[in-house]
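The next block holds one structure in the form of C-alpha cells; read it before the comments.
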Amino acid sequence: MRKLPPEELARHKREYNREYRRTHRERFRERSRAAYVRLRESNLRRTFQLRLQSLRHYGGNPPSCACCGETELEFLSIDHKNGGGGKHRKQVGSGVTFHYWLRRNGFPNGYQILCHNCNQAKGYYGGCPHMRIGDDT
Ligand SMILES: [Zn+2]
Ligand SMILES: [Zn+2]
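Here it is in C-alpha cells:
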C-alpha cells in the first residue's frame with residue numbers, strides 16, 4: 204500500500220474527524236450527558252455511603268441524634284463535642300471533605316451525632332432545650 208505524505212494524511216484525518224463529528228454530534232452529546240448523569244449519581248452514592256459510615260460510627264445503627272433521637276439521615280450531622288467544630292472544619296474542610304478526614308483518621312473520638320435542630324441550638328444558646336428539660340428533672 205502506498206504511503207500518503209504526512210500533510211495528505213493530516214488532511215484526511217481532519218476531514219474524517221469533521222465528518223465524524225458532524226454525524227455523531229448528537230450521539231456524542233447524548234453520551235456525554237448520560238456519562239455526566241452517571242458520574243453525578245455515583246458521586247452522590249459515594250458521598251452518601253461515606254456520610255452514612257461516619258453517622259453510623261458516631262450515632263449507631265440506625266444513626267440517631269444523641270439529644271432527641273432523630274433518625275432522619277438528612278437531619279443528622281456530626282457535632283464536635285467540645286465545640287470548636289467550626290474552627291476545625293475550617294482547617295480540614297466541611298461537608299464531604301470533613302467526612303473523608305474523619306475516615307482517614309480512623310474516626311477519632313470527640314464527636315457525636317446531632318440533628319440540625321439540636322446542633323444549632325447548642326451552637327446558638329450553648330445547649331439544646333431538650334437537654335435543659337432533661338437537666339431539670
Ligand atoms: Zn436532635
Ligand atoms: Zn435536642
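In the numbering used here, the protein residues as written are 204 to 340. The C-beta atom is built at its ideal place from N, Cα and C for all residues, glycine as well.
Determine, using beta carbons only, whether Asn246 and Asp282 come nearer to each other than 8 Å.
-> The residue you call residue 246 lines up with position 43 of the sequence shown. The residue you call residue 282 lines up with position 79 of the sequence shown. No, the pair does not count as a contact, with Cβ atoms beyond the cut-off.
Between Thr274 and Gly309, what straight-line distance do the alpha-carbon atoms span, to the nearest angstrom?
-> In the sequence shown, residue 274 corresponds to position 71, counting from 1. In the sequence shown, residue 309 corresponds to position 106, counting from 1. Distance between the alpha carbons of Thr274 and Gly309: 23 Å.
Nearest to Gly329 by alpha carbon, out of Ser257, Lys284, Thr300?
-> Position 126 of the sequence shown, counting from 1, holds the residue named residue 329. When only C-alpha atoms are compared, the closest one is Lys284.
Put Cys318 into one of helix, strand or coil per three-state DSSP.
-> Within the sequence shown, residue 318 is the residue found at index 115, counting from 1. Of the three classes helix, strand and coil, the one that applies to Cys318 here is strand, per DSSP.
Any non-hydrogen atom of ligand 2 within 7 Å of His302 CB | To locate residue 302, count along the sequence shown from 1; it is residue 99. Taken from the Cβ of His302, every heavy atom of ligand 2 lies 7 Å or farther away.
For ligand 4, any of its heavy atoms closer than 7 Å to the Cβ of His291?
-> Although ligand 4 was asked about, the structure shown includes only ligand 1 and ligand 2 as ligands.
Pocket of ligand 2 (residues with CB nearer than 5 Å to any heavy atom), chain order = Qualifying residues, in the order they occur: Cys270, Cys271, Cys321, Cys331, His333.
Can you name the start and end residues of the beta strand (DSSP E) that Leu207 belongs to?
-> Sequence index remark: in the sequence shown, residue 207 carries index 4 (1-based). Run containing Leu207: none; DSSP gives neither H nor E here.
Given 8 Å as the limit, is there contact between the segment 294 to 302 and the segment 266 to 273, that is, 3 or more CB pairs closer than that?
-> By the Cβ rule, the segment 294 to 302 does not count as touching the segment 266 to 273, because fewer than three pairs are nearer than 8 Å.
Using a threshold of 7 Å, is the CB atom of Leu317 nearer than that to any non-hydrogen atom of ligand 1?
-> As a first step, residue 317 must be located in the sequence shown, where it is residue number 114. Leu317 Cβ: within cutoff of ligand 1.
For Tyr239, count neighbouring Cβ atoms within 10 angstroms of its own Cβ and tell me buried if that reaches 16, exposed if not.
-> Counting from one through the sequence shown, the residue named residue 239 turns up at place 36. Residue burial is scored here from C-beta neighbours: Tyr239 has fewer than 16 other C-beta atoms within 10 angstroms and is therefore classed as exposed.
Give every residue of the same chain whose Cβ lies closer than 7 Å to the Cβ of Thr340, excluding the five residues on either side of it in the sequence, and list them in chain order.
-> Along the sequence shown, read from residue 1 onward, the residue named residue 340 stands at position 137. Unreliable positioning characterises Thr340 in this predicted model, as indicated by a pLDDT of 42, which lies under 50. A coordinate reading is not provided.
Do Leu253 and Tyr327 have their C-beta atoms within less than 8 Å of each other?
-> The residue given as residue 253 occupies position 50 in the sequence shown. The residue given as residue 327 occupies position 124 in the sequence shown. For Leu253 and Tyr327, no; Cβs fall outside 8 Å.
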